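Here the sequence shown stands for residues 1178 to 1380, numbered as in the working numbering.
For every residue, glycine included, the Cβ atom is placed at its ideal position computed from N, Cα and C.
These figures come from a predicted structure and were not determined experimentally.
First comes the structure, then the notes that go with it.
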Amino acid sequence: MKLICIGRNYTDHIEELENERPENPVVFIKPDTSILLKKQPFFIPDFSDDIHHEVEVLIKINKVGKHIDKKFAHKYYDEISLGIDFTARDLQTKLKAKGLPWEKAKAFDGAAVIGTWMPKDEYDDIDSIDFRLEKNGDIAQQGNTRLMLWKINELIEYVSKYFTLKIGDIIFTGTPAGVGAVKPNDILTGYINNQQFFSIKVK
């Protein structure tokens, strides 16, 4: 399985990082080795002094698909979750400045938090759900999927033009503003509406 991540999908986050608004979704991939194991803490890697949290709504692909039309995209997932795309911001900045790929800053071991999975039918409208990340009990990030530049079904259509989607693949749909550095002993807790999907400790 693969983790397909979408960058720059919320206007406020684009402005926050002073990035250019893209004409199409920004897509990158994390390997399965980047998944943080359940009940494990997140260890800050020794190659970065500026690891940022980016909370995101996730979907899990439930059947194989290629060139999926947007109107059929809803049939290719039936579960959603919440997760974190950890980013070595200092390393990413250096790589981007040289025009190099981001993988070392985004795809390192433990860089992908995946929370509890829930049936999407639990929600009245997937394109309008509130989510947030709390750091040590205070809200660090909050957003709503209605604010996405490209909604979930549009992302499935776009991504499947380039990559065959397979059972178990996970799409990280982008992060809202509020990204920030983590420090040892931070507790990061993610919620969709008021339901907790994960809680991890930083070491």
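Got a sec? Which residues, its chain only, sit under 8 Å from P1208 by beta carbon, not counting five neighbours each side?
-> Taking the first residue of the sequence shown as position 1, residue 1208 is located at position 31. If we look at P1208 and ignore the five residues flanking it on each side, its Cβ neighbours are K1179, L1180 and A1284.
Out of curiosity, what's the CA-to-CA distance linking Y1335 and I1238?
-> Here residue 1335 refers to the residue found at position 158 when the sequence shown is read from its first residue. Here residue 1238 refers to the residue found at position 61 when the sequence shown is read from its first residue. The alpha-carbon atoms of Y1335 and I1238 are separated by roughly 14 Å.
Contact under 8 Å by Cβ, S1225 with D1286 = Numbered from 1 along the sequence shown, position 48 holds the residue referred to as residue 1225. Numbered from 1 along the sequence shown, position 109 holds the residue referred to as residue 1286. It is not a contact, given that the beta carbons lie outside the stated cut-off.
For the candidate residues D1223, L1272 and Q1318, whose alpha-carbon lies nearest to that of G1260?
-> Locating residue 1260 in the sequence shown gives position 83, where the first residue counts as 1. If we check each option's Cα against that of G1260, Q1318 comes out closest.
So what does A1358 bridge to, in DSSP terms?
-> For this step, residue 1358 is matched to residue 181 along the sequence shown. Per DSSP, H1229.
Buried or exposed: where does I1202 fall if 16 or more other Cβ atoms within 10 Å of its Cβ makes it buried?
-> Taking the sequence shown and counting its residues from 1, one reaches residue 1202 at position 25. Rather than Ile, the amino acid found at residue 1202 in this sequence is Pro. That one is buried.
Which class does I1224 belong to by DSSP, given the choice of helix, strand or coil?
-> Against the sequence shown, residue 1224 aligns to sequence position 47. As written in the sequence, residue 1224 is Phe, which differs from the Ile given in the question. In the structure shown, F1224 sits in coil (DSSP, three-state: anything other than H, G, I, E or B).
Backbone secondary structure at F1249 - three-state DSSP | Taking the sequence shown and counting its residues from 1, the one referred to as residue 1249 is at position 72. The answer is helix: DSSP assigns F1249 an H, G or I state.
Quick one: is Q1372 buried, meaning 16 or more other Cβ sit within 10 Å of its Cβ, or exposed?
-> Residue mapping note: residue 1372 aligns to position 195 of the sequence shown, counting from 1. Flag for Q1372 reads exposed.
How do the stretch 1362–1379 and the stretch 1324–1332 stand: do at least 3 beta-carbon pairs fall below 8 Å, yes or no?
-> no
Within this structure, are the beta carbons of T1293 and S1258 separated by less than 8 Å?
-> Stepping through the sequence shown from its first residue, residue 1293 is reached at position 116. Stepping through the sequence shown from its first residue, residue 1258 is reached at position 81. In contact: T1293 and S1258 (Cβ atoms closer than 8 Å).
Flag this pair as yes or no: are the beta carbons of P1222 and A1265 separated by less than 8 Å?
-> Indexing the sequence shown from 1 puts residue 1222 at position 45. Indexing the sequence shown from 1 puts residue 1265 at position 88. Yes, they are a contact pair.
Give the range of the alpha helix (DSSP H) segment to which E1334 is assigned.
-> The residue given as residue 1334 occupies position 157 in the sequence shown. Unbroken alpha helix (DSSP H) run through E1334: I1329 to Y1339.
Within its chain, find whatever has a CB closer than 8 Å to the CB of L1235; leave out the 5 residues flanking it on each side and keep chain order.
-> Residue 1235 sits at position 58 when you count from the first residue of the sequence shown. Excluding sequence neighbours, L1235 sits near I1257, S1258, L1259, G1260, I1291, G1292, I1347, I1348, F1349 and T1350.
Status (buried if at least 16 other CB within 10 Å, exposed otherwise) for I1316 | If you number the sequence shown from 1, residue 1316 lands on position 139. I1316 should be labelled exposed.
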